[in-house]
Amino acid sequence: MKFLIVEDEEGLRKSIDQYLTAEGNICDWASTYEQGYQKLSIYDYDCVLLDLTLPDGEGLQLLKHLKKINKADGVLIISARNSLDQKIEGLSIGADDYLIKPFHLSELYARLLAIVRRRNFNGNSLLHFNELEIDTVSKETKVNGQLVYFTRKEFDLLLYFVANKNKVISKSAAVVHIWGDDADMADSFDFIYTHIKNVRKKLTDSGCKDYFQSVYGVGYKFSET
Amino acid sequence: MKLFTSYNRILAVITLTGLLAIGFLFYQTLGQYINKQIEDHLYEELLEVKDFAHVKNILPSPDGFDDVIVEYRKISRPSHSSKLFADTVFYNPKKKHEESARYLKTQLLIKGQRYEVIITASKFERQEQIKSIILIILLPLVVLLFVLWLVNRILIRRMWLPFRQLLTNIKAFNINKEKVFEPIRTNIEEFKELNKAVLEVSLKVKSDYREIKLFTENASHEMMTPLAVINSKLDTMLQFNSLGKEESEILADLYKATSKLTKLNQSLLLLVKIDNNQLQAREEIDLKTLLEEKLGYFQELIQKRNLKVKTETAAFTLYANRSLIEILVNNLFSNAIRHNYDGGSIQITLTEDSLIFSNTGTQTRLDPLKIFERFYKDNTSDGTGLGLAILKQVCLRQHYQLSYHYEQRQHQFRIIFNSR
Chain E
64 MKFLIVEDEE GLRKSIDQYL TAEGNICDWA STYEQGYQKL SIYDYDCVLL
114 DLTLPDGEGL QLLKHLKKIN KADGVLIISA RNSLDQKIEG LSIGADDYLI
164 KPFHLSELYA RLLAIVRRRN FNGNSLLHFN ELEIDTVSKE TKVNGQLVYF
214 TRKEFDLLLY FVANKNKVIS KSAAVVHIWG DDADMADSFD FIYTHIKNVR
264 KKLTDSGCKD YFQSVYGVGY KFSET
Chain R
1248 MKLFTSYNRI LAVITLTGLL AIGFLFYQTL GQYINKQIED HLYEELLEVK
1298 DFAHVKNILP SPDGFDDVIV EYRKISRPSH SSKLFADTVF YNPKKKHEES
1348 ARYLKTQLLI KGQRYEVIIT ASKFERQEQI KSIILIILLP LVVLLFVLWL
1398 VNRILIRRMW LPFRQLLTNI KAFNINKEKV FEPIRTNIEE FKELNKAVLE
1448 VSLKVKSDYR EIKLFTENAS HEMMTPLAVI NSKLDTMLQF NSLGKEESEI
1498 LADLYKATSK LTKLNQSLLL LVKIDNNQLQ AREEIDLKTL LEEKLGYFQE
1548 LIQKRNLKVK TETAAFTLYA NRSLIEILVN NLFSNAIRHN YDGGSIQITL
1598 TEDSLIFSNT GTQTRLDPLK IFERFYKDNT SDGTGLGLAI LKQVCLRQHY
1648 QLSYHYEQRQ HQFRIIFNSR
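Below, the structure written as structure tokens:
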């Protein structure tokens, strides 16, 4: 997939670039409004990561421009401003999703994939990982064609890991993904363990290989090896 | 003590002592004057007696005097003083009661016989005169003082009216609400000055407060981008294949700290947002359903701590901002779970006008004045210390009554929704 990162903070831009490229995607970047404007006008992307505060302009203007020239690029806004009004404004102009800084790269990637999946109407909503099949629309999981029942949170967790396959996801990222920022749980990441244990058990019970790997108490990885 | 009371008290003491002193002096002077008159009169009578005795060589009959009583007594030896005035009490046979009187005692020598002569005159009438005089003078004085006091009272009350208004306005001034200080109208110079000073202070306070809020907001926002960088770098490092046990543990701690810092920042921003009344859109909220949703949301945390949750909810809808109410319920849940002990309990009661969260806890009674302060937390708590402050701010903005109680070893947070 091809992404454009419009972000003036170099450190963040590099990390995103690195994370996405490692997944086999192509990343292009712009650090100013002007650069962004040009690249958006010339090229097509699967999804644009758009920072709202740029040194020489408003990100929302770029979004407006994009819609004006009728490009079909998906747009994910990333911003430190989490004012609800702004969120609604960005979404009403035509952004697909909105991510508040700071965020985890795994969360960013999962959201990007979701946007791209939604935009490709002809493409199917199925995700495959060996014997595992996940339908992101009907929210059903099958192992070797056999339906496995998960709770909503368990399904979200599994989908999150499959989307970020072969990547280590920190407990912190997993907790934020499932419970959001609302719950004041910064001091208790450990209960994610119970959750992952449940998902693992349901999968292995239905004959799926155990793809979850624990990484020294800091996180988990969903991978074949 | 009120200013007027204090002023009156001093005034009353002074007038009363003054009045007593004047009365006393007046009485004394008058008494002395009257004594002098009586003495003159007694002396005249004595001269008469002497004249009579000198001419006729006998003492005049004691019955021959109208307004004085004359007594004679034979004595053998001369006494020391020749003439003596003094007060006495005598029985008035006409009026049949005792009266105070003044007498003159002296000696006479008639035909070689020494007599003691006592001439007594009643002071009764003169005393009555004094009483009348004093009454005539003091009574109007007292009346005058009373009238003065009354006028003073009314006048002062009227004069302090602008002050009272000013005080009411100052009390109504609230930095949290968008209510400005209302200056009063007055012609009194002092009040004008006070008015001006208070107005200036209130404007200054308001602008300072705005600045602090703006600063908090900007500072928190500015910190979000560096936090995002830290977070993304941590995520990148996590992918390194060379990651060992030690590095992983360090990363885990860094994640925890970053997450806490993020939460802290978000809470500060949220406080500012609530303060600024940025969450305006209102809708009907089914609180019973919301509570059930949130119970599901917190399910894992509750299970992990093995807490027993009892709910007693009545159907109740609220017209408010959804985000605010969700924040409110989230914070109540977080608080009840966080400050509980493993195996403890939480009781949630929703009635037609109130929401009560009770939970067991490791601590005993907390200081209800302090727990809602920002960054107040016990040493064992790992939270931001802002949860209850946010709770309070939401309630303040929505005009809900929030209170803390400690009953039957349960910490209880009660919210009364009394206004729509």
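As they're listed, the protein sequences go chains E and R.
Numbering-wise (our numbering), the first sequence opens with residue 64 and increments by one.
Numbering-wise (our numbering), the second sequence opens with residue 1248 and increments by one.
The beta carbon of each residue, even a glycine, is placed where N, CA and C say it ideally should be.
Just so it is clear, the structure is predicted and the values come from calculations on it, not from any experiment.
- Beyond the five residues adjoining it in sequence on each side, residue 93 (chain E) comes within less than 6 Å, by CB distance, of 69, 99, 102 in the same chain, given in chain order.
- Residue 1605 (chain R) is bridged by DSSP to R:1594, R:1659.
- Three or more beta-carbon pairs separated by less than 8 Å are not found between the segment 1607 to 1618 of chain R and the segment 1486 to 1493 of chain R, which leaves the two stretches without contact.
- Pairing residue 270 (chain E) with residue 218 (chain E), the inter-Cα distance amounts to about 17 Å.
- Straight across, the Cα-Cα distance linking residue 266 (chain E) with residue 273 (chain E) is about 7 Å.
- For the pair residue 1298 (chain R) and residue 1291 (chain R), the Cα-to-Cα distance works out to about 10 Å.
- Taking a cut-off of 8 Å on C-beta distances, the segment 1467 to 1474 of chain R touches the segment 1496 to 1513 of chain R, as three or more cross pairs fall below it.
- DSSP places residue 74 (chain E) inside the alpha helix (DSSP H), whose first and last residues are 73 to 85.
- The beta-carbon separation of residue 1554 (chain R) and residue 1582 (chain R), rounded to 13 Å, does not stay under the 8 Å limit for a contact.
- In the three-state DSSP reduction, residue 93 (chain E) falls in the strand class (E or B).
- Under the three-state reduction of DSSP output, residue 101 (chain E) falls in the helix class.
- Residue state for residue 1622 (chain R) is assigned as coil, using DSSP reduced to three classes.
- In this structure, the alpha-carbon of residue 1541 (chain R) lies about 12 Å from that of residue 1556 (chain R).
- If you ignore the 5 residues before and after residue 263 (chain E), its C-beta comes within less than 7 Å of the C-beta of 273, 275, all in its own chain and listed in chain order.
- Relative to residue 1381 (chain R), the option among R:1268, R:1455, R:1446, R:1320 whose CA is nearest is R:1268.
- Close to residue 79 (chain E), with beta-carbon spacing below 9 Å, are these residues of chain R in chain order: 1479.
- Per the C-alpha coordinates, the member of E:172, E:105, E:213 positioned closest to residue 261 (chain E) is E:213.
- Annotation: the continuous beta strand (DSSP E) that includes residue 163 (chain E) extends over 160 to 163.
- Under the DSSP assignment, residue 1341 (chain R) falls outside any alpha helix (DSSP H); it carries neither an H nor an E label.
- Proximity to residue 1606 (chain R) across R:1655, R:1639, R:1569, R:1563 peaks at R:1655, based on C-alpha coordinates.
- If you draw a straight line from the Cα of residue 1454 (chain R) to the Cα of residue 117 (chain E), it is about 29 Å long.
- Taking C-alpha positions only, residue 1376 (chain R) is separated from residue 1274 (chain R) by approximately 11 Å.
- Per DSSP, the beta bridge partners of residue 1567 (chain R) are R:1530.
- For residue 1393 (chain R), the secondary structure class from DSSP, reduced to helix, strand or coil, is helix.
- Listed along chain E are 143, 144, each with a C-beta nearer than 8 Å to that of residue 1468 (chain R).
- In the DSSP assignment, residue 1419 (chain R) falls within the unbroken alpha helix (DSSP H) covering 1408 to 1419.
- Residue burial is scored here from C-beta neighbours: residue 1347 (chain R) has fewer than 16 other C-beta atoms within 10 angstroms and is therefore classed as exposed.
- Of the residues R:1338, R:1374, R:1324, R:1373, the one whose Cα lies closest to the Cα of residue 1359 (chain R) is R:1324.
- Put simply, the backbone Cα of residue 1487 (chain R) is about 44 Å away from that of residue 1522 (chain R).
- With its beta carbon at least 8 Å from every one in chain R, residue 224 (chain E) lies outside the interface.
- Scanning its chain for C-beta atoms nearer than 8 Å, with the 5 sequence neighbours on each side dropped, one finds around residue 1637 (chain R) the residues 1514, 1517, 1518, 1521, 1574, 1578, in chain order.
- For residue 1438 (chain R), the enclosing alpha helix (DSSP H) starts and ends at 1436 to 1485.
- For a Cβ distance threshold of 7 Å, nothing in chain E lies close to residue 1620 (chain R): the least Cβ distance comes to about 17 Å.
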